[in-house]
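Input: a single structure, listed below in C-alpha cells.
Next up, the structure:
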C-alpha cells in the first residue's frame, strides 16, 4: 500500500456502538460513583503493538457515533468525513476510538440512566461531574482495550477541554494531542451563554427540578438553549452568507411566526435537538465545562511542564465563542516550557462551527501531523499493518 | 450666564411624566389604529422661537424617564448624567423631550393597554407596529408641542434606528441628528438574538399566547430573554473585568445554583427586569427592530439624498451587537451624498452598553456638536434665553 491511497467514498461503512461497564469511579468532588457504562465505537484495526490508537473526544452534544452509519439508519457520524480509508483519521493506518462522555445521554451513564438503588432515572441525584471525571472514565476504557499509550488524543470545543485534561493528567499515556477551538477555562462570557441555556431549561415548567422522566419533557426550554448555542456557533458573517435578511414564505396569521429564514433555521435546529438530547445531561455537561480549569488555578506553565507529547493546536479566526486568543494562550504556555507545538489559526468564516466544517483544511493539517507522529514513533508510515 | 457654567450635581431634579393622546394613526401595515397615548417628559425651557428642542429616543427597554427623579422615588432617569444644567444636553440652553415608544409599557399605548372596544388588554390584538409608526407618533407629539423644527434628534441602539427613521421620513423637521451604536437594518445575528429572546418568552407556559394579564406573568421566559440581552450588551473583555471567574458565596445545596458571579449577575438582572417590563411589549418592539430597514430595501444613498441635517455618528470599538462597521456604512452613504457628517468610533471596552456608560466621552462629543449646531442656527450660544 502506498501513501497515495484513494479516498473511499463509503467511509467506514456500517458500525456498531459498544458498551464498557465498570463498578465505580472516584469523582473529583470526592464521591464514589458507579456502576458506570461508557458507550464507544471503534474504527480501523488495533495493530499488534497497540501503537496506532487515536482517541477522538466529542463536544457538548456529540456522542460515540463519530463515523459511519448504524445498521438500518441513514445519518452518518458527527465527524464522518474525517474518518475512513484515506481520510485524516485513516482507518487503513489507525485505530480510532470515540466514546460518549460520562453524564451524556447516548449510551453512557448520565442523569437519564436508571439509578440501580431506586429503579428510577437519577435525574438530579446524578453527581456533579467534571471534565476530569469524564477523562478518568475514558482512561479506564483505554485500559480495558489494553492500550498503554495513545498515538493521539484529539477534540474540538469541549473535546478540546478533554484533550487538555488528558495532557495534564495522563501525559505519560499519550504521544501527541490536537486541541481544536478550545480553552483551558471558560471566560465569563462563555459561562454566561451556558448559564442562560441552563436557565432556559430550568424555566420550562415541564422541567420539574429534573424529575420529568415519564412525563412531558422540557422541550421548549431545551430548544431555546440550543438556539442560543447555534447563534454562538456561527459568525456574524457566516449568518449573512447563509441567511442574509431573506424572508420565509411562512404566511401564518400568527404575529410572531418565523418571518426571516434565520428564525426558521433556529426554530428547526431547536426543535430537532430536543428529540435527541436529554435536558438534564445539558445541565450537567455545561456545568462541567464552566467549572473546568486545566491549570487548577495555577499558572498554565506549571501544569504543562511535564508534557512530553507533541501538539498541534488549531483555532479559527471567526470563532468568537472560543476566540483564537484562548488557543494562543495554550500555545504560549506550551512554548514557554519547551513543548514541541505547532499552531494553526485557520482563516475560516464559519465561526466556532468551523471545527466541524473546515474538513479540507483539517484533513491536511491533522493528516500530516498524525503521519509524522506515527513515523517518528514507529519508523514506518503505518501502511505495513 | 457664560459658557463656563458649573455642572449642577442635582441634574434636573424632580420631574413629571406627561401624556399626549390622539385619535388615530395610519400604521405602516395599512391599519388605522387608535386612540394612542404617548407618555413623555421634558426638561429645560422651550425658547420663544421654539428653536432649542432636542428629541432623545430610547432603546428597547427604555422609557420617557430620561432624567431626574419622580416625586417620592429614588431612581434617576436612564441617561440622567447626560441631561441637566451644564451637562451634554444642557437644560440651561435646550428643551429636551423624551417619549415612551408606541408599543411600550411605560405610559404609552402598547399591548398591555386596555382595548376600549373590549375593556381588556389588547394582548396580541395589538397591531404589529414598526419603527416608522413609532416615529410617526413622536412626530404628532412634536406637532402638539408646537415645534416646527427640532434642533436635534438623538438616540442609541433602537433609539438610533428611530433617529435614522426621522432623518429619512422627516428630514425637513430636524437641524441635526446623532445616531449612536446603531444600524440601518438588523443583521441575521441581531435578528437571531431577538428571536431567541422571543422564543424564551413564548416558551413560558404562563405566556398563554399573550393572554396572561390577570394571571401569572411569563416572568421566567422574559428573564431568560433579558439575560441573553445582557450578554450581548457587554463585551468579552468587560465581562472579564467585571466578573472574571470569581465564585459567589452562594452555598445552596441545589446543584445548578449561581456558582460564578457572572451567573448571579445575569439572574439578578433578569429577575429585576420582569418587574418593570411587559412580555408582549418585548415581543412587539423587538419585532419592530428586526423588521426595520431605513432604506426600505433601496440603496442607502437614495434615501439619504434629501438629508439637510448635520450628523454626528458614534460607535464603540468593543460593541459586537451593533458593530462599528454598521455605523461606518451609515457614514459612508452620508458622505457619498455630500451630507455634513462627523464620525467617532470611541475606544471603549464596555461593548454595546458603552452608549449608556461612556458619559465623559459622549458629553464631550455631543456637547460640542450641539453647541456648534445651535450657534450656526441661532447665531448665539443659547445662554441668552
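Chains as they are written, first to last, in this note's numbering: chain A, 1 to 385; chain B, 386 to 770.
All residues carry an ideal CB built from backbone N, CA and C; glycine is no exception.
All values reported here derive from a predicted model rather than from experimental measurement.
For residue 590 of chain B, the neighbours in chain A by C-beta distance under 7 Å run, in chain order, 205.
Taking 7 Å as the cut-off, the beta carbon of residue 450 of chain B is found no closer than this to the beta carbon of residue 469 of chain B. Taking a Cβ-Cβ cut-off of 8 Å, the neighbours of residue 244 of chain A in chain B comprise 573, given in sequence order.
Only exposed fits residue 433 of chain B, as fewer than 16 other CB atoms lie within 10 angstroms of its CB. The C-beta distance from residue 694 of chain B to residue 556 of chain B rounds to 6 Å, short enough to meet the 8 Å contact threshold. Buried is the label assigned to residue 161 of chain A, since at least 16 other Cβ atoms lie within 10 Å of its Cβ. The bridge partners DSSP lists for residue 96 of chain A are A/43, A/54. Nearest C-alpha to residue 720 of chain B among B/732, B/704, B/691, B/735: B/691. Inter-residue distance for residue 242 of chain A and residue 80 of chain A is about 23 Å (C-alpha atoms, whole angstroms).
Contact between the stretch 604-615 of chain B and the stretch 199-207 of chain A is present: 3 or more CB-CB pairs across the two stretches fall below 8 Å. Looking at the DSSP output, residue 277 of chain A sits in no beta bridge, so it has no partner there.
Judged by DSSP secondary structure, residue 494 of chain B falls outside any alpha helix (DSSP H); it is assigned neither H nor E.
At a cut-off of 7 Å between beta carbons, residue 129 of chain A makes no contact with chain B. According to DSSP, residue 372 of chain A shares a beta bridge with no other residue. Taking a beta-carbon distance threshold of 7 Å, residue 239 of chain A counts as an interface residue toward chain B.
It is roughly 7 Å from the alpha-carbon of residue 354 of chain A to the alpha-carbon of residue 316 of chain A. From the listed residues B/534, B/528, B/564, B/558, the smallest Cα separation to residue 543 of chain B is found for B/564. Take residue 732 of chain B, set aside five residues on each side of it, and the residues of its chain with a beta-carbon closer than 6 Å to its own are 702, in chain order. For residue 543 of chain B, not one C-beta of chain A is nearer than 7 Å to its own C-beta.
The beta carbons of residue 177 of chain A and residue 196 of chain A sit about 31 Å from each other, so the pair does not count as a contact at 8 Å. Taking a cut-off of 8 Å on C-beta distances, the stretch 745-764 of chain B does not touch the stretch 646-660 of chain B, as fewer than three cross pairs fall below it. Within the stretch 682-725 of chain B, complete alpha helix (DSSP H) segments of at least 4 residues are found at 685-689, 709-721, given in chain order. Annotation: residue 82 of chain A has no Cβ neighbours in chain B at a cutoff of 9 Å; minimum Cβ distance is about 28 Å. Ranked by Cα distance from residue 257 of chain A, the options B/668, B/621, B/569, B/642 are led by B/668.
Going by C-alpha positions, residue 300 of chain A is about 32 Å away from residue 39 of chain A. Taking one beta carbon from each stretch, the stretch 476-492 of chain B and the stretch 437-449 of chain B have 3 or more pairs nearer than 8 Å; the two touch. Within chain A, no C-beta atom comes less than 7 Å from the C-beta of residue 472 of chain B; the nearest is roughly 32 Å away.
Annotation: Cβ neighbours of residue 606 of chain B in chain A (cutoff 7 Å, chain order): 203. Counting only residues of its own chain and dropping the five nearest sequence neighbours on each side, residue 420 of chain B has a CB closer than 8 Å to the CB of 406, 407, 408, 409, 494, 501. Residue pairing from DSSP leaves residue 128 of chain A without any beta-bridge partner. Residue 61 of chain A is not a Cβ neighbour of residue 194 of chain A, given a cutoff of 7 Å. If you ignore the 5 residues before and after residue 126 of chain A, its C-beta comes within less than 6 Å of the C-beta of 111, all in its own chain and listed in chain order. In summary, residue 573 of chain B is buried, with 16 or more beta-carbon neighbours lying within 10 Å of its beta-carbon over all protein chains present. Interface criterion not met: the Cβ of residue 632 of chain B is under 7 Å from no Cβ in chain A. Residue 219 of chain A sits buried, since 16 or more C-beta atoms from the chains shown fall within 10 Å of its C-beta.
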